[in-house]
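Data block below; observations after.
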Amino acid sequence: MATIVVHKRSGIRYVLIGTGYGAYKSQLPSVFGGSVFPREETGEIPLAAVSDKAGNIEWILTDELVVAEVDGQPPHVWLEQEAEPVTERESDEGGLPSPPSRGQTAGGEDQAQSYELCPGCEHRVVSDARECPSCGLVLIVSVDESEGST
Numbered sequence: 001m002a003t004i005v006v007h008k009r010s011g012i013r014y015v016l017i018g019t020g021y022g023a024y025k026s027q028l029p030s031v032f033g034g035s036v037f038p039r040e041e042t043g044e045i046p047l048a049a050v051s052d053k054a055g056n057i058e059w060i061l062t063d064e065l066v067v068a069e070v071d072g073q074p075p076h077v078w079l080e081q082e083a084e085p086v087t088e089r090e091s092d093e094g095g096l097p098s099p100p101s102r103g104q105t106a107g108g109e110d111q112a113q114s115y116e117l118c119p120g121c122e123h124r125v126v127s128d129a130r131e132c133p134s135c136g137l138v139l140i141v142s143v144d145e146s147e148g149s150t
């Protein structure tokens, strides 16, 4: 299945391929420093790669798009469902739990694992994880490591 987006101004429907940033940097000589101390301007422009009916790829500003469908369902269907906790294995692999199938609600089973947010990057991690799989921040210092530092 796919994510379908609609261009706000034209109403044209596209298949969302991915998102990214267009980056730019410009340098102009300054009034006092000339080329030694140029005036620099940099920035990023959020863009989405989309495909039309003919398969042509276009880059469109993300502010000009709205999501119409995700895997054949409107976005509110996905957002109203309870999220399944990420298992430790999925977390280590950087994956997310698979989305629920049509007509099925997520999170039907009780999970024995508890989760917390990493204080460094706010990624959801298992409560007893030694380090964050996203940013690598050490979350639990073992007793062996802390005894040697006295």
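Just so you know, my numbering puts 67 at position 67 of the sequence shown, and the rest follows in order with no gaps. Glycine is no exception: its CB is placed at the ideal position from the N, C-alpha and C atoms.
Per DSSP, residue i forms a beta bridge with which residues?
i     : result
Leu61 : Leu47
Lys25 : Thr42
Arg13 : Val6
Val70 : Thr3 and Gln73
Ser35 : DSSP lists no partner for Ser35.
Ser30 : Gly34
So, for residue i: in the same chain, excluding its five sequence neighbours on each side, which residues have a beta-carbon less than 7 Å away from its beta-carbon?
i     : result
Val67 : Thr3, Val5 and Pro75
Assuming residue i is part of the beta strand (DSSP E), what are its boundary residues?
i      : result
Glu116 : Tyr115 to Leu117
His123 : No beta strand (DSSP E) contains His123, which DSSP labels as neither H nor E.
Val5   : Thr3 to His7
Within this structure, are the beta carbons of residue i and residue j separated by less than 9 Å?
i      : j      : result
Ile17  : Ala54  : no
Glu58  : Tyr24  : no
Cys121 : Leu139 : no
Asp63  : Pro38  : no
Got a sec? Which residues, its chain only, sit under 6 Å from residue i by beta carbon, not counting five neighbours each side?
i      : result
Arg102 : Summary for Arg102: the model assigns pLDDT 44, below 50, so the residue's position carries little reliability; its value from the coordinates is reported in the next sentence. No residues qualify anywhere along the chain.
For the alpha helix (DSSP H) that residue i lies in, which residues bound it at each end?
i     : result
Leu79 : Pro75 to Glu80
Looking at the C-beta of residue i, does it have a partner C-beta in chain B at a distance below 9 Å?
i    : result
Lys8 : You won't find chain B in this structure, because it holds only one protein chain.
Short of 8 Å in beta carbon distance, which residues of its chain neighbour residue i, apart from the five on each side in sequence? Order them along the chain.
i      : result
Leu79  : none
Glu109 : Any reading at Glu109 must be qualified, since the residue scores a pLDDT of 40, below 50, and its modelled position is unreliable; the value itself is stated next. Taken in chain order, the list of residues that qualify is empty.
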